[in-house]
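For reference, the structure is listed below as structure tokens.
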Amino acid sequence: MAAMREPDWFRGVVMLDSPVIAGWRAWLLRFLLRTGLDEKHSPAYAAKRRRTNWPSLEAAWEHFSGKPVFAAWDPEVLRDYVHDGTMPADDGLTRMLAFSHETEYEIYRTLPVGLAGRLNKAGLRVPAAFIAGTRSRETRLVGLAATRRLVWPRLRAVDSSHLYPMEKPLETAELTRESVCEIMDEMREPAAPRV
62 MAAMREPDWF RGVVMLDSPV IAGWRAWLLR FLLRTGLDEK HSPAYAAKRR RTNWPSLEAA
122 WEHFSGKPVF AAWDPEVLRD YVHDGTMPAD DGLTRMLAFS HETEYEIYRT LPVGLAGRLN
182 KAGLRVPAAF IAGTRSRETR LVGLAATRRL VWPRLRAVDS SHLYPMEKPL ETAELTRESV
242 CEIMDEMREP AAPRV
């Protein structure tokens, strides 16, 4: 959305499993968001009820590492998340989330459901790439048609879930680097003359 608004600020965009919501899925999501019916079936539900305090850093580690979603993360990423995603509470003894779960909730409740229409009207004036998780529930629900039109042929995949940056950080970094290099190479090539 920022690259559409201020294309001069960007050389390109690399989207990490954030597919463009379009067509009937966008209309359905818009309806669900307006009525609140989306909450129980979206990450907003978990964000709203997210635990925010632990008696210690070790307790926070046990909490997160015991959850299946977090257990799939690379151990070093999970360690960093627990260490840097929590902070000492005001009492100096316990740990609390370092981010607002209310803000996380609002992010999920305000997904850009009208983005595809704006892209169709204004277009994206910088190259874009997309890296999908092959087992991403989010991409499967949204579909890839609108995203594919936006980024083709710069579409890559990681054999992982929607959270692949945390599950496979080195592979994600390499694919992101490749995508950026491809965008930069494309920008250096002179455009083919129109016939």
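Counting the sequence shown from 1 gives a position; our numbering is that position plus 61.
Every residue gets a Cβ at the ideal spot worked out from N, C-alpha and C, and that includes glycine.
Compute the beta-carbon to beta-carbon distance between ALA133 and SER222, rounded to the nearest angstrom, for a pair I have assumed lies under 8 Å.
7 Å
Which class does ALA108 belong to by DSSP, given the choice of helix, strand or coil?
helix
Would you kindly work out how many angstroms separate the C-alpha atoms of ARG66 and PRO188, rounded to a whole number?
14 Å
7 Å Cβ shell around VAL203 - same chain, five flanking residues per side excluded:
PRO80, ILE82, ARG86
In whole angstroms, what separates the C-alpha of ARG111 from that of SER240?
As the crow flies, the alpha-carbon of ARG111 is around 34 Å from that of SER240.
Look at THR147 and MET157 and say whether their C-beta atoms are less than 8 Å apart.
yes
Identify, in the order they occur along the chain, each residue of the same chain with its Cβ nearer than 6 Å to the Cβ of PHE191, setting aside the five sequence neighbours on each side.
Close CB contacts of PHE191 within its chain, under the 6 Å cut and outside five residues either way in sequence, are with MET76, THR208, VAL212, LEU216 (chain order).
Three or more C-beta pairs below 8 Å linking the segment 164–177 and the segment 94–103
yes
Jot down the residue ranges of each uninterrupted beta strand (DSSP E) in the segment 194–241, minimum 3 residues, whole runs only, in chain order.
216–219
Cross-strand partners of ARG156 (DSSP beta bridge):
Partner(s): TRP115, PRO149.
Pop quiz: GLU228 and ASP145 are said to be a contact at Cβ under 8 Å. What is the actual Cβ separation, rounded to whole angstroms?
About 18 Å separates the two Cβ atoms, so there is no contact after all.
Under the three-state reduction of DSSP, which class applies to ALA121: helix, strand or coil?
helix
Taking a contact to mean a Cβ-Cβ separation below 8 Å, would you say VAL130 touches LEU231 in this structure?
no
In terms of residues, what are the limits of the alpha helix (DSSP H) holding LEU180?
176–183
Given a cut-off of 8 Å, decide if ASP69 and GLY194 are closer than it, judged by their beta-carbon atoms.
no
Count the other CB atoms, across all protein chains shown, that sit within 10 Å of the CB of TRP122; report buried if there are 16 or more and exposed otherwise.
It is buried - the Cβ of TRP122 has at least 16 other Cβ atoms within 10 Å.
For ILE244: DSSP bridge partner residues:
Answer is none; ILE244 lacks a bridge partner.
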